[in-house]
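Working notes, structure below.
Number of protein chains: 2
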Amino acid sequence: MPRLWNETIETHRDAVRQAVLDAAANLVAGHGIAGVTMSAIAQGAGIGRATLYKYFPDVESILLAWHERQVQAHLSELLKIREQTVGAREQLGAVLHAYAFMSHAGHVDAEVARLHHSRHAGQAQQHLLDFLAELIHEGSAAGVFRADVAADELAAFCFHALGAAAGLTSPEAVLRLVTVTLNALEQPA
Amino acid sequence: MPRLWNETIETHRDAVRQAVLDAAANLVAGHGIAGVTMSAIAQGAGIGRATLYKYFPDVESILLAWHERQVQAHLSELLKIREQTVGAREQLGAVLHAYAFMSHAGHVDAEVARLHHSRHAGQAQQHLLDFLAELIHEGSAAGVFRADVAADELAAFCFHALGAAAGLTSPEAVLRLVTVTLNALEQPA
Numbered sequence: 001m002p003r004l005w006n007e008t009i010e011t012h013r014d015a016v017r018q019a020v021l022d023a024a025a026n027l028v029a030g031h032g033i034a035g036v037t038m039s040a041i042a043q044g045a046g047i048g049r050a051t052l053y054k055y056f057p058d059v060e061s062i063l064l065a066w067h068e069r070q071v072q073a074h075l076s077e078l079l080k081i082r083e084q085t086v087g088a089r090e091q092l093g094a095v096l097h098a099y100a101f102m103s104h105a106g107h108v109d110a111e112v113a114r115l116h117h118s119r120h121a122g123q124a125q126q127h128l129l130d131f132l133a134e135l136i137h138e139g140s141a142a143g144v145f146r147a148d149v150a151a152d153e154l155a156a157f158c159f160h161a162l163g164a165a166a167g168l169t170s171p172e173a174v175l176r177l178v179t180v181t182l183n184a185l186e187q188p189a
Numbered sequence: 190m191p192r193l194w195n196e197t198i199e200t201h202r203d204a205v206r207q208a209v210l211d212a213a214a215n216l217v218a219g220h221g222i223a224g225v226t227m228s229a230i231a232q233g234a235g236i237g238r239a240t241l242y243k244y245f246p247d248v249e250s251i252l253l254a255w256h257e258r259q260v261q262a263h264l265s266e267l268l269k270i271r272e273q274t275v276g277a278r279e280q281l282g283a284v285l286h287a288y289a290f291m292s293h294a295g296h297v298d299a300e301v302a303r304l305h306h307s308r309h310a311g312q313a314q315q316h317l318l319d320f321l322a323e324l325i326h327e328g329s330a331a332g333v334f335r336a337d338v339a340a341d342e343l344a345a346f347c348f349h350a351l352g353a354a355a356g357l358t359s360p361e362a363v364l365r366l367v368t369v370t371l372n373a374l375e376q377p378a
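One line per chain: the protein sequences are E and U, in this order.
If you read the first sequence in the numbering used here, its first letter stands for residue 1, the second for the next number, and so on.
If you read the second sequence in the numbering used here, its first letter stands for residue 190, the second for the next number, and so on.
Given below as structure tokens:
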């Protein structure tokens with residue numbers, strides 16, 4: 001009987017959650033991470049400070065949740081791109097290309113991403129790394145990529161190298177970055 | 190006449206400055222960047238909050254100064270390493286090797302480094318990038334490294350790629366990361 005009511009509550013809670021994440025992202029974009037407070041986030045989301053604490057214990061957890069949402073959205077995009085491409089090299093090329101432009105467009109993403117210790121990557125980021133490792137592993141098995149370094153290490157290398165895209169000023173430079181990164185995956189002479 | 194007195198004041202001011210940077214670094218190491226306050230830093234440095242504001246306007250500027258100090262120390266090390274090595278490939282290899290292990294050891298460094306927008310890299314970080322670009326440029330001129338991508342773009346690529354070292358768990362993995370990064374600088378087939 002209370003099914004509809006529960007759904008309504010769930011929808012409301014999700015809307016509040018999304019508003020909180022949006023408010024936190026806006027504050028970080030405007031002022032940087034240091035100094036972002038729970039009060040400012042509550043105000044930005046249009047809720048009371050006490051209500052905010054029912055959703056998240058601290059600023060860190062909000063930024064982590066926001067980052068998870070971003071990476072999850074990126075990952076969905078990248079999975080689609082992979083499905084539209086054939087061949088190990090072409091697939092990884094298309095995926096790294098798309099990811100480099102995501103990194104190029106999202107400075108704040110990168111900022112928050114690196115805020116979290118590399119050793120404690122969020123779940124979505126770990127999925128992204130696993131996805132890249134899978135593509136690289138397929139390519140290594142097919143003799144397209146080097147096999148002397150483990151696929152997960154090469155995935156982490158690609159992920160970090162493409163972070164340089166955030167500081168590049170032209171799309172051409174982003175393309176060159178993707179090429180250089182892919183060259184590193186080739187069997188060394 | 191007031192020379193000695195001025196020197197004493199300068200020495201004192203520098204000691205306070207260093208204590209503030211150390212206190213900020215300890216707080217970030219313990220709790221992460223979000224939530225670090227001027228009050229906590231002042232307490233950690235053993236000075237009053239009002240005194241702290243005579244040195245730095247906000248947390249962001251303290252973290253930036255701390256990061257500058259870290260990168261400057263790293264850069265001095267890397268310059269020494271370069272002088273002890275002969276040959277463009279060997280020099281860059283030795284420098285990237287040393288930098289990768291600095292990145293591997295200093296998680297917090299990396300965290301703060303990335304806090305600052307890539308577009309607004311500190312002065313010391315820009316010097317580090319210029320130094321890497323100079324080494325790569327010499328290597329390209331000598332036909333050792335690829336010349337189809339500008340040296341400053343390749344320097345940014347190396348800098349970011351080696352950031353992956355912070356998340357690696359073994360020294361062997363760090364060495365493989367350096368090798369893969371260097372492979373990317375070779376003339377593509």
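Built from N, CA and C at the ideal position, the CB exists for glycine as well.
Keep in mind it's a predicted model, so treat the numbers as computed, not measured.
Using a Cβ-Cβ distance cut-off of 8 Å, determine whether Val189(U) contacts chain E. Residue 189(U) cannot be examined here, being either before or after the span of chain U that is shown, 190 to 378.
Name, going along the chain, the residues of the region 21-50 of chain E whose beta-carbon falls closer than 8 Å to a beta-carbon of chain U. Gly32, Ile33, Ala34, Gly35, Val36
Between the CA atoms of Ala213(U) and Gln259(U) - distance to the nearest angstrom: Sequence index remark: in the second sequence, residue 259(U) carries index 70 (1-based). Sequence index remark: in the second sequence, residue 213(U) carries index 24 (1-based). Using only the alpha carbons, I get a separation of about 13 Å.
If you follow the alpha helix (DSSP H) that Gly44(E) is in, where does it begin and where does it stop? Taking the first residue of the first sequence as position 1, residue 44(E) is located at position 44. Note, Gly44(E): alpha helix (DSSP H), 38-45.
Could you pull out every unbroken alpha helix (DSSP H) segment of at least 4 residues lying fully inside the region 34-96 of chain E, listed in chain order? 38-45, 49-55, 59-83
So what's Val108(E) in DSSP terms, helix, strand or just coil? Within the first sequence, the letter at position 108 stands for residue 108(E). Any reading at Val108(E) must be qualified, since the residue scores a pLDDT of 49, below 50, and its modelled position is unreliable; the value itself is stated next. In the structure shown, Val108(E) sits in a helix (DSSP, three-state: H, G or I).
Indicate the three-state DSSP secondary structure (helix, strand or coil) for Ser292(U) in the structure shown. Looking up residue 292(U) in the second sequence gives position 103. The answer is helix: DSSP assigns Ser292(U) an H, G or I state.
If you draw a straight line from the alpha carbon of Val369(U) to that of Trp255(U), how long is it in whole angstroms? One-based indexing of the second sequence puts residue 369(U) at position 180. One-based indexing of the second sequence puts residue 255(U) at position 66. Straight-line Cα distance between these residues: approximately 31 Å.
Closer than 7 Å by C-beta to His316(U): which residues in its own chain qualify, once you throw out the five before and the five after it? Chain order, please. Start at 1 with the first residue of the second sequence, and residue 316(U) comes out as number 127. So the list reads Leu264, once near-sequence residues are dropped.
Within a Cβ cutoff of 8 Å, which residues of the same chain sit near Gly122(E), ignoring the five residues on either side of it in sequence? Counting from one through the first sequence, the residue named residue 122(E) turns up at place 122. Taken in chain order, the residues that qualify are Leu64, His67, Glu68, Val71, His116.
Between the C-alpha atoms of Val225(U) and Ala350(U), what's the straight-line distance to the nearest angstrom? The residue given as residue 225(U) occupies position 36 in the second sequence. The residue given as residue 350(U) occupies position 161 in the second sequence. If you take the alpha carbons of Val225(U) and Ala350(U), they lie about 28 Å apart.
Beta-carbon proximity list for Asp152(E), same chain, < 6 Å, skipping 5 on both sides: Working through the first sequence from its first residue, we reach residue 152(E) at position 152. Closer than 6 Å at Cβ, skipping near neighbours: Ala133.
Neighbour-count burial assignment, Trp194(U), 16 or more Cβ in a 10 Å radius: In the second sequence, counting from the first residue as 1, residue 194(U) sits at position 5. With fewer than 16 Cβ atoms within 10 Å of its Cβ, Trp194(U) is classed as exposed.
How is Val338(U) classed by DSSP in three states: helix, strand or coil? One-based indexing of the second sequence puts residue 338(U) at position 149. Val338(U): coil per DSSP, three-state reduction.
Using a C-beta cutoff of 8 Å, does His349(U) count as contacting chain E? Counting from one through the second sequence, the residue named residue 349(U) turns up at place 160. It does: the Cβ of His349(U) has a partner Cβ on chain E nearer than 8 Å.
Kindly say whether Pro377(U), judged by its beta-carbon, lies nearer than 8 Å to any beta-carbon of chain E. As a first step, residue 377(U) is located in the second sequence; it is residue number 188 there, counting from the start. Yes, its Cβ sits closer than 8 Å to a Cβ of chain E.
With a threshold of 8 Å between beta-carbons, can Asn380(U) be considered close to chain E, or not? The question about residue 380(U) has no answer, for chain U in this structure spans 190 to 378.
Using only CA atoms, which one of His12(E), Arg176(E), Ile136(E) lies nearest to Phe101(E)? Numbered from 1 along the first sequence, position 101 holds the residue referred to as residue 101(E). It is Arg176(E).
Along the region 324-353 of chain U, what residues have a CB closer than 9 Å to any CB found in chain E? Arg335, Asp337, Val338, Ala339, Glu342, Leu343, Ala345, Phe346, Cys347, Phe348, His349, Ala350, Leu351, Gly352, Ala353
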